[in-house]
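For the record, in the sequence shown the residue sitting at position 403 is 411 according to the working numbering, with numbers rising by one throughout.
Step one of this worksheet: look at the structure below.
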Amino acid sequence: MADVRLALRMLVKRPVFTLVAIITLAVGIGANTAIFSVVNGVLLRPLPYSESDRIVQLSEQGTKGVARVSHPNFADWRQRSTSFDTMAAYACDTNTVLGGSEPRFAEVCSVSDGFFRVFGMSPAIGRTFVPEELRLHGTPAVIVSHRFWERTLSSNADLSLLTLRVGDREARVVGVMPEASVFPGNVDVWVPAEVDPDESGRTAHNWSVVARLKVGVPLASAAAEMNTIAAQLKQQYGNGENAIGVALVRLQDVVTANSKNSLLLLLATVGLVLLIACANVATTLLARGEERRTEIAVRAALGASRARLVRQLLVESSLLGILGGIGGLLIAAWLVRALLSINAMALPRHETIGVDGRVMAFTLVLALLTPLVFGLVPSLHASRASLRDALAEGGRAAAPARATVRTLLVIGEVALALVLLVGAALLVRSFAHLMAVDPGFDATGVVTADMSVPGTKYPDPARAAHFYAGLLERIRAIPGVKAAGAANELPLGRFDADGALTFEGNPDVGATPDGIYDGFKYSAGYKVVTPGYLETLGMRLREGRFLADGDTAGQPPAAVVSETFVKRFLPRVDPIGVRFKYAGMDTVNPLFTIVGVVGDVHQQSLLRAPVPQVFVSMYQQPWRARSTIGVVARAAAAPQQRQVASAIRDTLRQYDSDVPVDISSLDRMIADSVADRRFLLMLVAAFAALALLLAATGIYSVLSQAVAQRTSEIGIRMALGADASSVVGLMLDGAMRSVGVGAAAGLVVALALARVLQSFLFEVGPLDPAAFGAAAALLVLVALVAAYVPARRATQIDPLVALRGKGL
């Protein structure tokens with residue numbers, strides 16, 4: 009305790025030094041704690057299901073990747089496999105739900121028997137589905153999420169009083185799931201899939217499949233069995249089956265797949281920031297050791313052993329670390345809240361992110377270890393002081409060994425800061441390239457309105473299509489609306505329905521050189537749109553015509569295809585007039601006649617190359633009109649967009665108040681599609697800027713100390729006629745030499761590590777010279793400014809005062 013009391017007195021005697029050191033450490037520890045809390049919540053915490061490590065997701069494997077599962081394949085997998093306790097399929101979509109406090113545009117999941125057993129989920133209130141609800145024409149029933157129950161059903165615990173209209177059925181609410189047990193994470197309502205069976209073929213990939221491994225069955229063993237089954241189905245159905253294997257992935261890995269590498273990168277980034285912070289504090293401690301060398305030498309002369317002195321100095325460092333840890337925990341709590349408020353949806357499992365016991369333990373470890381990182385070397389150096397050397401040095405410059413250590417620390421700070429700046433520069437250039445991608449449509453001034461008609465009011469698909477025809481007529485009459493249309497899938501959405509196709513007169517299109525039909529490679533997106541939709545998006549007509557009002561049920565089914573469709577399937581023929589059909593995409597699958605070709609559109613992501621797309625008329629294929637539909641309306645001028653959005657909401661309310669709507673814009677959809685990239689860029693850039701600030705502070709601190717220790721030398725030079733510019737040049741020379749060495753070391757390290765960023769970059773190489781050059785130039789500029797301030801202050805030294813201070 010005596011060491012602690014003495015350490016506290018020494019820290020209180022230097023409040024400025026103590027406060028700066030604590031803040032520096034708090035920022036470094038806080039950044040690490042905040043990012044670790046995200047890593048902990050997303051990657052380390054197990055999923056909230058019983059024995060979640062046994063839950064896996066199964067996907068169809070093709071020659072070019074994986075896809076969702078066809079319902080016939082799911083049925084065969086479940087019947088033939090022996091590796092699983094339970095296997096289930098689910099398919100989710102947004103739908104109108106009536107019966108609560110108001111119509112809701114809700115996330116509805118159709119789930120097969122066994123779905124809740126896979127996850128070991130039991131309702132908080134009520135029960136799961138029973139056999140009479142899990143069959144064709146069975147008793148309609150639904151289960152709702154805790155969130156939906158609270159918001160829409162007023163937390164009514166008497167389920168016998170609750171009914172909902174979902175799709176074309178009125179169903180009893182039979183269960184409410186616990187708040188933490190939800191899969192998928194944003195679902196509102198679960199309905200039994202067996203009530204409305206899927207009759208599509210094996211090339212229609214509409215279902216996601218999950219299963220629970222039997223106890224003791226390894227993942228590899230289950231995968232081997234499933235691939236054997238896939239081979240049997242391929243042999244049995246030939247070209248009617250386009251899956252050549254099955255991919256099994258643990259559900260935890262599926263949930264975190266898109267964020268794992270980004271979070272690990274951020275954790276490494278803040279780790280470097282903490283190292284820079286430690287180097288900064290170590291530099292300050294070395295300077296403070298210079299000031300205390302007489303005190304320490306006297307204590308050594310009075311009998312204090314070197315070990316005793318090192319222990320005392322490390323206690324002081326430990327107090328700084330602990331206080332920095334406390335401050336870091338407060339900063340982390342604030343930073344986590346800020347991150348979640350900025351863009352929580354960019355992170356999976358964001359509801360589990362927070363400061364818990366594991367995060368506090370992590371902070372404690374950092375608080376105890378960082379003093380060893382920043383305090384050990386200064387303590388060892390300070391403890392070497394002898395009374396004779398301390399009195400002999402007097403006001404002269406620091407001993408060469410101590411000056412060398414400070415120089416090395418500055419070099420290290422500069423090198424690490426440059427590594428982070430290069431990483432940030434690469435991500436900035438990558439994001440700029442991404443935002444420069446032509447999406448294939450003009451998003452300026454386009455309002456979007458997602459909606460779904462109640463199935464009970466619009467049981468007939470043709471009637472649902474007529475609803476949208478009437479609604480669009482009213483929207484086009486709104487002042488300020490230039491054009492309007494609708495589609496079952498808007499660009500950059502979460503889903504891109506596609507299917508295998510064949511051409512009239514050439515049924516083998518899609519066959520690989522070895523004759524195997526590959527529906528993953530030779531397939532096209534399937535979009536059901538209204539006339540006017542393509543024009544509203546500003547898509548460019550390359551050949552033929554757009555879909556027209558005359559493309560009605562009594563006319564030959566028309567299709568507009570994308571340029572990539574033509575390049576891939578019809579490279580040597582005139583596409584206009586070519587006829588083709590899908591295999592099992594809709595209730596009726598007619599021969600479509602190509603009437604036009606439009607420019608490519610990025611349907612799923614700006615990061616992916618456009619894939620073949622087909623656009624058919626909703627009035628000829630009305631079956632999709634009963635699913636979620638996105639209405640688009642182009643404002644005549646961008647400033648009118650908000651007024652148009654409000655007018656669309658009012659128009660829909662007057663047209664049918666039972667249809668809820670989600671209003672947004674294409675600009676917002678583009679922004680949301682790159683949210684994860686923007687989130688990563690924002691954090692890396694922020695931490696790189698913090699590292700640069702810490703490095704600049706270190707340079708400033710070291711040069712200020714050098715000026716103070718070289719006061720006599722500077723006074724002599726000025727007395728001998730040296731002008732201000734030569735003094736500034738003298739001081740900058742040493743500082744910028746260290747910066748140069750650090751920058752060179754940083755460039756070498758950045759070159760070695762840059763390939764780690766390869767998967768995060770878009771159309772930018774990991775060794776991009778512009779990024780490296782910009783990062784180095786910024787670092788040198790900031791370092792020059794940081795060094796100039798104390799260098800300039802050296803010219804204000806009065807030579808007479810400086811010489812008197814040395815007794816000359």
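Just so it is clear, CB atoms sit at the ideal spot from N, CA and C, and this is done for glycine as well.
Since the model is a prediction, treat every value here as computed from it, not as a measurement.
Determine the DSSP secondary structure at Arg17, reduced to helix, strand or coil.
Here residue 17 corresponds to residue number 9 of the sequence shown, with the count starting at 1. Looking at Arg17 - three-state DSSP - the assignment turns out to be helix.
Rounded to whole angstroms, how far is the Cβ of Met626 from the Cβ of Thr538, which I believe are closer than 8 Å?
Numbered from its first residue, the sequence shown carries residue 626 at position 618. Numbered from its first residue, the sequence shown carries residue 538 at position 530. Indeed they touch by this definition, with Cβ atoms about 5 Å apart.
In its own chain, which residues sit with a C-beta less than 7 Å from the C-beta of Val652, not counting the 5 before and 5 after it?
Within the sequence shown, the letter at position 644 stands for residue 652. Result list for Val652: Val455, Ile486, Gly488, Val489, Ala641, Ala643, in chain order.
Within its chain, find whatever has a CB closer than 7 Å to the CB of Arg634; leave out the 5 residues flanking it on each side and keep chain order.
Translated into positions along the sequence shown, residue 634 becomes position 626. Taken in chain order, the residues that qualify are Val461, Gly463, Tyr466, Pro469, Ala472.
Decide if the region 96 to 111 is in contact with the region 239 to 255; the criterion is three or more beta carbon pairs, one per stretch, under 8 Å apart.
Judged by Cβ distances under 8 Å, the region 96 to 111 makes no contact with the region 239 to 255, as fewer than three pairs qualify.
Terminal residues of the continuous alpha helix (DSSP H) containing Thr32?
Within the sequence shown, numbered from 1, the residue matching residue 32 stands at position 24. Here the alpha helix (DSSP H) through Thr32 covers 23 to 47.
Check for me: the alpha helix (DSSP H) holding Thr659 runs from which residue to which?
On the sequence shown, position 651 is the one that residue 659 refers to. 649 to 663 is the extent of the alpha helix (DSSP H) around Thr659.
Between the C-alpha atoms of Ala778 and Ala285, what's the straight-line distance to the nearest angstrom?
As a working mapping, residue 778 is identified with position 770 in the sequence shown. As a working mapping, residue 285 is identified with position 277 in the sequence shown. Ala778 and Ala285: Cα-Cα distance of roughly 28 Å.
Roughly how far, in whole angstroms, is the beta-carbon of Thr371 from the beta-carbon of Arg53, given that I think they are within contact range, below 8 Å?
Here residue 371 corresponds to residue number 363 of the sequence shown, with the count starting at 1. Here residue 53 corresponds to residue number 45 of the sequence shown, with the count starting at 1. The Cβ separation is near 17 Å, so there is no contact.
Asp61 by DSSP, collapsed to three states: which one?
Counting from 1 along the sequence shown, the entry for residue 61 is found at position 53. Three-state result, Asp61: helix.
Kindly indicate the opening and closing residues of the beta strand (DSSP E) around Ala7.
Residue 7 lies beyond the range of the chain shown here (9 to 816); nothing can be said about it.
In the DSSP assignment, find the unbroken alpha helix (DSSP H) run with Ile486 in it and report its ends.
Residue 486 sits at position 478 when you count from the first residue of the sequence shown. Looking at the DSSP string, Ile486 is not in any alpha helix (DSSP H), and its letter there is neither H nor E.
Which complete beta strand (DSSP E) runs does the region 85 to 120 hold, if anything under 3 residues is left out?
Listed in chain order, they are 92 to 106, 112 to 119.
Consult DSSP for Ser681 and reduce its assignment to one of helix, strand or coil.
To locate residue 681, count along the sequence shown from 1; it is residue 673. It is helical.
Buried or exposed: Arg763, going by 16 or more other Cβ atoms within 10 Å of its Cβ?
Indexing the sequence shown from 1 puts residue 763 at position 755. Label assigned to Arg763: exposed.
If we ignore side chains and look at the alpha-carbon of each, how far apart do Tyr796 and Ala340 end up?
Position 788 of the sequence shown, counted from the start, is the residue given in the question as residue 796. Position 332 of the sequence shown, counted from the start, is the residue given in the question as residue 340. Their Cα atoms are separated by approximately 34 Å.
Given a threshold of 16 other Cβ atoms within 10 Å of its Cβ, counted over all protein chains shown, does Ser746 qualify as buried or as exposed?
Sequence index remark: in the sequence shown, residue 746 carries index 738 (1-based). Burial call: buried.
Within 10 Å of its beta-carbon, does Arg404 have 16 or more other beta-carbons around it, so buried, or fewer, so exposed?
Here residue 404 is taken as the residue at index 396 of the sequence shown, counted from 1. Low local confidence applies: a pLDDT of 47 at Arg404 is under 50, so the model's placement there is unreliable, with the coordinate-based value given in what follows. Its Cβ having fewer than 16 others within 10 Å, Arg404 is exposed.
According to the Cβ coordinates, are His213 and Ala75 closer than 7 Å?
As a working note, residue 213 is residue 205 in the sequence shown. As a working note, residue 75 is residue 67 in the sequence shown. Yes.
In angstroms with no decimal places, state the Cα-to-Cα distance between Arg800 and Ala444.
Residue mapping note: residue 800 aligns to position 792 of the sequence shown, counting from 1. Residue mapping note: residue 444 aligns to position 436 of the sequence shown, counting from 1. If you take the alpha carbons of Arg800 and Ala444, they lie about 44 Å apart.
Between Ala696, Val793, Gly70, Gly706, which lies nearest to Gly420 when the distance is taken from Cα to Cα?
Against the sequence shown, residue 420 aligns to sequence position 412. Closest option to Gly420, Cα to Cα, is Gly706.
Tell me whether the beta-carbon of Ala432 lies closer than 7 Å to the beta-carbon of Ala693.
Locating residue 432 in the sequence shown gives position 424, counting from the first residue. Locating residue 693 in the sequence shown gives position 685, counting from the first residue. Against a cut-off of 7 Å, the Cβ pair of Ala693 and Ala432 comes out as a contact.
In the region 143 to 185, which residue ranges form an unbroken alpha helix (DSSP H) of at least 4 residues, counting only runs that do not cross its ends?
With a minimum length of 4 residues, the continuous alpha helix (DSSP H) runs that stay inside the region 143 to 185 are 154 to 160.
Should the region 661 to 671 be regarded as contacting the region 199 to 210, the criterion being three or more beta carbon pairs within less than 8 Å?
Output reads no: the region 199 to 210 does not touch the region 661 to 671.
Looking at Phe770: is its Cβ nearer than 7 Å to the Cβ of Leu428?
Taking the first residue of the sequence shown as position 1, residue 770 is located at position 762. Taking the first residue of the sequence shown as position 1, residue 428 is located at position 420. Result no, Cβ atoms of Phe770 and Leu428 do not sit closer than 7 Å.
Tell me the DSSP bridge mates of Val622?
For the purposes of this step, residue 622 is taken as the residue at position 614 of the sequence shown. Note: Val622 sits in a beta bridge opposite Tyr534, Val569.
For the alpha helix (DSSP H) containing Tyr3, name the first residue and the last one.
No information on residue 3 is available, as it lies outside the stretch 9 to 816 that the chain covers here.
Would Val181 pass as a contact of Val152 if the rule is Cβ separation under 7 Å?
The residue labelled residue 181 in the question sits at position 173 within the sequence shown. The residue labelled residue 152 in the question sits at position 144 within the sequence shown. Yes; because the gap between Cβ atoms is below 7 Å, this pair is in contact.
Quick one: Cα of Val736 to Cα of Leu701, how far?
Looking up residue 736 in the sequence shown gives position 728. Looking up residue 701 in the sequence shown gives position 693. C-alpha separation (whole angstroms): 22 Å.
Rounded to whole angstroms, what is the Cα-Cα separation between Pro521 and Arg576?
The residue you call residue 521 lines up with position 513 of the sequence shown. The residue you call residue 576 lines up with position 568 of the sequence shown. Because Pro521 sits at a pLDDT of 44, beneath the cut-off of 50, its placement in the model cannot be relied upon, and the point is left open.
Please name the residue or residues paired with Lys589 in a DSSP beta bridge.
Position 581 of the sequence shown, counting from 1, holds the residue named residue 589. BP columns for Lys589 point to Thr510.
Check Leu549 in the structure and name its three-state DSSP category.
Translated into the one-based positions of the sequence shown, residue 549 becomes position 541. Here Leu549 sits in strand by DSSP.
Is the region 543 to 558 close to the region 598 to 606, with three or more CB pairs under 8 Å?
Touching, yes, given that three or more Cβ pairs across the two stretches are closer than 8 Å.
Evaluate Leu337 with the Cβ neighbour count: other Cβ atoms within 10 Å of its Cβ, from every protein chain shown; 16 or more gives buried, anything less gives exposed.
Along the sequence shown, read from residue 1 onward, the residue named residue 337 stands at position 329. Its Cβ being crowded by 16 or more others within 10 Å, Leu337 is buried.
Do Thr26 and Asn288 come within 7 Å of each other at the CB atom, strictly closer than that value?
Within the sequence shown, residue 288 is the residue found at index 280, counting from 1. Within the sequence shown, residue 26 is the residue found at index 18, counting from 1. No.
Please report how far the alpha carbon of Leu169 lies from the alpha carbon of Pro131, in whole angstroms.
Taking the sequence shown and counting its residues from 1, the one referred to as residue 169 is at position 161. Taking the sequence shown and counting its residues from 1, the one referred to as residue 131 is at position 123. Rounded to the nearest angstrom, the two C-alpha atoms are 17 Å apart.
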